[in-house]
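Number of protein chains: 2
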Amino acid sequence: MPTLSPTRRTTVTRGADRAIRERDRMLALLGDALVAHLGVVVSRDGTSHPVVLPTAFAVDPDGPDADGTLYLHGSSGAGWLRSALASDVCVTVTELDGLVAARSAFHHSMNYRSAVIIGRPRLVDDPDERARALDLIIDHMIPGRATTLRASTRKELAATAVLAVPLREASMKERAGGPVDDPEDVGGTAWAGHIPLRRVALPPVTAPDAQGEAPADVRRRVEALA
Amino acid sequence: MPTLSPTRRTTVTRGADRAIRERDRMLALLGDALVAHLGVVVSRDGTSHPVVLPTAFAVDPDGPDADGTLYLHGSSGAGWLRSALASDVCVTVTELDGLVAARSAFHHSMNYRSAVIIGRPRLVDDPDERARALDLIIDHMIPGRATTLRASTRKELAATAVLAVPLREASMKERAGGPVDDPEDVGGTAWAGHIPLRRVALPPVTAPDAQGEAPADVRRRVEALA
Chain A
1 MPTLSPTRRT TVTRGADRAI RERDRMLALL GDALVAHLGV VVSRDGTSHP
51 VVLPTAFAVD PDGPDADGTL YLHGSSGAGW LRSALASDVC VTVTELDGLV
101 AARSAFHHSM NYRSAVIIGR PRLVDDPDER ARALDLIIDH MIPGRATTLR
151 ASTRKELAAT AVLAVPLREA SMKERAGGPV DDPEDVGGTA WAGHIPLRRV
201 ALPPVTAPDA QGEAPADVRR RVEALA
Chain B
227 MPTLSPTRRT TVTRGADRAI RERDRMLALL GDALVAHLGV VVSRDGTSHP
277 VVLPTAFAVD PDGPDADGTL YLHGSSGAGW LRSALASDVC VTVTELDGLV
327 AARSAFHHSM NYRSAVIIGR PRLVDDPDER ARALDLIIDH MIPGRATTLR
377 ASTRKELAAT AVLAVPLREA SMKERAGGPV DDPEDVGGTA WAGHIPLRRV
427 ALPPVTAPDA QGEAPADVRR RVEALA
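Below, the structure is given as structure tokens:
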């Protein structure tokens, strides 16, 4: 099974016991999560600072970049786009799976899966790759939906920038299960355990200017998150 | 009512219609969300790149910093800590509220609330402020829990770094409701609408080395997310 190939920048230095090296588990997380957090460095007036923005995304494990491609999109006039293309970016995808209640404050924690991907983004120019990336982003939100939609117009495509980030420099951390208390705290009367968390979908809401039942793709999405 | 005070760095330049200026709504989001994404700039070997990490957090609206304080904590040996103290950081908190299915790919979207806070973090040294911040972080996960726990040991406190980020430079964006389609796409047979999403808690799981019922704080947390 292929494994992640961490460089020095993505090697987990703390909590290495949580580093899950299997690429398949990272791809599973990237499939479950709906939002990524994109970090860019903004340089202005001689100073620089990070900016982190939430964004939709999709993954093509067989994309043109080494080890696969993560796609982001945004308005071609967005301010973060120039910063993103001027230096490396960090794309972090996190799913929160639970709250961990230990006997001590120190051992309280959260259960989560998180992937950190660092790389130089590529502005996608090729029309076929752009179209495929935009379809993947739609289908990541609601699988099967892209083929049911009308074709995008030239104006819509011109207003949309697509970025590709290679999945080469990536690391993953995961925590699951109950608390790990110090031995001297165990055995008393204090309760310890964890609260599992999950994301659920409520029934779809039809737009005021639309009618009829939600189509099969939307119903399947709701059922998958029921 | 106090409003956010965006500087040039946190003024929303795209989608300003979604910029929600009321400070109370940002505080409500920071109360609902359980995970923040911390962006730091890591400089090494003459180059720099952003790193974005998921982290627990808490807010003290009446904290010692201008406009209130956001607290983060971590291992005092964590690699990101030095980077965080060497320059400004960005703390982004996002709640995903729904998937928006439009008639066109272009108008697909997500419903979300997101706060972006930029500032120079302060390492919290004062013992009282440190203790209060750590209690706030525990109580943010499970309200009321901090007072039920044994006191932290010196060793535990020494192993924990607490960072304070002022809530002064902050912006918030929010999207809610159904799709906004182009007029020429409306009126056909295509369905449009949105899928609300929410986070729910499952029943608490008692640790194998513990016994008894989950205490009232844990039960209340589960009920609040039922």
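Just so you know, the protein sequences line up as chains A and B, in that order.
Mapping of the first sequence onto this note's numbering: position 3 corresponds to residue 3, and the numbering continues sequentially without gaps.
Quick note, this note's numbering runs 226 ahead of the 1-based positions in the second sequence.
Virtual Cβ for every residue (Gly too), placed ideally from N, Cα, C.
Beta-bridge pairing of residue i - partner residues as DSSP gives them
{"i": "B:L256", "result": "None, per the DSSP bridge assignment."}
{"i": "A:I195", "result": "A:L99"}
{"i": "A:M110", "result": "A:L99"}
{"i": "A:L53", "result": "A:L38"}
{"i": "B:V342", "result": "B:T318 and B:S397"}
{"i": "A:L234", "result": "Outside the shown range of chain A (1 to 226) lies residue 234 of chain A, about which nothing can therefore be said."}
{"i": "A:V180", "result": "BP columns for A:V180 are empty, so no partner."}
{"i": "B:R308", "result": "Answer by DSSP bridge pairing: none, since B:R308 is not bridged."}
Own chain residues within Cβ distance below 6 Å of residue i, not counting five before or after
{"i": "B:A402", "result": "N337"}
{"i": "B:R346", "result": "D314"}
{"i": "B:A387", "result": "G300, S302 and L307"}
{"i": "B:G289", "result": "T295"}
Nearest candidate by alpha-carbon position, reference residue i, set the options
{"i": "A:T55", "options": "B:A310, B:L349, B:P290 and B:S335", "result": "B:S335"}
{"i": "B:R376", "options": "B:D271, B:R447, B:A357 and B:D435", "result": "B:A357"}
{"i": "A:D217", "options": "A:V116, A:H37, A:T147 and A:L85", "result": "A:T147"}
{"i": "A:A226", "options": "B:D435, B:P369, B:P422 and B:L279", "result": "B:P422"}
{"i": "A:L38", "options": "B:G419, B:V277, B:T432 and B:L311", "result": "B:V277"}
{"i": "B:V268", "options": "B:G294, B:L311, B:D293 and B:G257", "result": "B:L311"}
Chain D contact residues for residue i, given Cβ-Cβ distances below 9 Å
{"i": "B:Y338", "result": "In the displayed structure, chain D is absent; the protein chains listed are A and B."}
Closer than 8 Å to chain B by CB, residue i
{"i": "A:M141", "result": "yes"}
{"i": "A:L99", "result": "yes"}
{"i": "A:L96", "result": "yes"}
{"i": "A:T3", "result": "Low per-residue confidence applies at A:T3: pLDDT is 46, beneath 50, and the placement is therefore not dependable enough to give any value."}
{"i": "A:R50", "result": "One point to set straight first is that residue 50 of chain A is Pro, not Arg, in the sequence displayed. Yes, because at least one Cβ of chain B sits closer than 8 Å to the Cβ of A:P50."}
{"i": "A:S104", "result": "yes"}
{"i": "A:H73", "result": "no"}
{"i": "A:E156", "result": "yes"}
{"i": "A:R130", "result": "no"}
{"i": "A:L123", "result": "no"}
Beta-carbon proximity check, residue i vs residue j, cutoff 8 Å
{"i": "B:E395", "j": "B:R235", "result": "yes"}
{"i": "B:V315", "j": "B:V266", "result": "yes"}
{"i": "A:G212", "j": "B:W306", "result": "no"}
{"i": "B:A359", "j": "B:M252", "result": "no"}
{"i": "B:D286", "j": "B:P392", "result": "no"}
{"i": "A:A158", "j": "A:S48", "result": "no"}
{"i": "B:R348", "j": "B:L389", "result": "yes"}
{"i": "B:L279", "j": "A:T92", "result": "yes"}
{"i": "B:R371", "j": "B:I364", "result": "yes"}
{"i": "B:S378", "j": "A:A105", "result": "yes"}
{"i": "B:A259", "j": "B:E321", "result": "yes"}
{"i": "A:D209", "j": "B:V412", "result": "yes"}
{"i": "B:G404", "j": "B:G414", "result": "no"}
{"i": "B:P353", "j": "B:R446", "result": "no"}
Beta carbon proximity, residue i to chain A, threshold 8 Å
{"i": "B:R424", "result": "yes"}
{"i": "B:R249", "result": "no"}
{"i": "B:V448", "result": "yes"}
{"i": "B:F283", "result": "no"}
{"i": "B:A442", "result": "no"}
{"i": "B:A359", "result": "no"}
{"i": "B:D258", "result": "no"}
{"i": "B:A427", "result": "yes"}
Chain-order list of residues whose beta-carbon lies under 7 Å from that of residue i (same chain, five-residue window excluded)
{"i": "A:R199", "result": "L225"}
{"i": "B:I344", "result": "R235, T236, D314, C316 and E395"}
{"i": "A:L30", "result": "V59, V93 and A115"}
Cut-off 8 Å between Cβ atoms - residues of its own chain near residue i, not counting five sequence neighbours on either side
{"i": "B:A440", "result": "P430, T432 and V448"}
Proximity test, residue i beta-carbon vs the ligand ATP heavy atom, cut-off 7 Å
{"i": "B:L325", "result": "Ligands displayed in this structure: none; no statement on the ligand ATP is therefore possible."}
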